[in-house]
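Novice: Start counting at 1 in the sequence shown, then tack on 193, and there's your number in the working numbering.
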Amino acid sequence: MNRRHFIVAAGATALLSILAGCKTEPKGEKFIGHWFSDNGRYPPTLVHIERNDDTFLFTETAWNNLGKVGYRSNTVPATLNGADNILVVGDRTHIAYKEADDKIVSDNLKARRITEAEYQAAISKQ
């Protein structure tokens, strides 16, 4: 009788291990969302990153001083670098994800995650 219980318990453990392994999120999922960057010198920059099949769409809404002054939005494709925490935007800008702070950083950008409601409220003020 003990042998049957052992076999059932071992089988259940193996099944749970297999199912737990299936719940991994797709690579780059941590980049998806809305981001807010305020460096103090200019009006804040807003970023929206969304999945586009195997790649991403990176939309940056930032203040423009050239030509028509005001906020402008640019959308460019982005892909994951070999590492899971580096997003390459437009084939040249590398953005890293800081897991401890839940922030994205690059040479010119340091942004914290915000909710969609906060993002929409900031966009509507522009």
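In this text, a Cβ means the ideal position worked out from N, Cα and C, and glycines have one as well. Please read these numbers as outputs of a predicted model, since none were measured by experiment.
Please classify T268 as buried or exposed, where buried requires at least 16 other C-beta atoms within 10 Å of its C-beta.
Specialist: Your numbering for residue 268 matches position 75 in the sequence shown. Exposed, since its Cβ has fewer than 16 Cβ neighbours within 10 Å.
Novice: According to the Cβ coordinates, are P237 and F224 closer than 8 Å?
Specialist: Position 44 of the sequence shown holds residue 237. Position 31 of the sequence shown holds residue 224. Cβ distance not < 8 Å, so P237 and F224 don't count as in contact.
Novice: Give the range of the alpha helix (DSSP H) segment to which A314 is assigned.
Specialist: Along the sequence shown, read from residue 1 onward, the residue named residue 314 stands at position 121. Per DSSP, A314 belongs to the alpha helix (DSSP H) from 309-317.
Novice: Around the C-beta of H227, are 16 or more other C-beta atoms found within 10 angstroms, so that it is buried, or is it exposed?
Specialist: By 1-based counting over the sequence shown, the position of residue 227 is 34. H227 should be labelled buried.
Novice: Using DSSP with H/G/I as helix, E/B as strand and the rest coil, what is E253?
Specialist: Taking the sequence shown and counting its residues from 1, one reaches residue 253 at position 60. Note: E253 maps to strand in three-state DSSP.
Novice: Check for me: the beta strand (DSSP E) holding R265 runs from which residue to which?
Specialist: Taking the first residue of the sequence shown as 1, we reach residue 265 at position 72. Note, R265: beta strand (DSSP E), 263-273.
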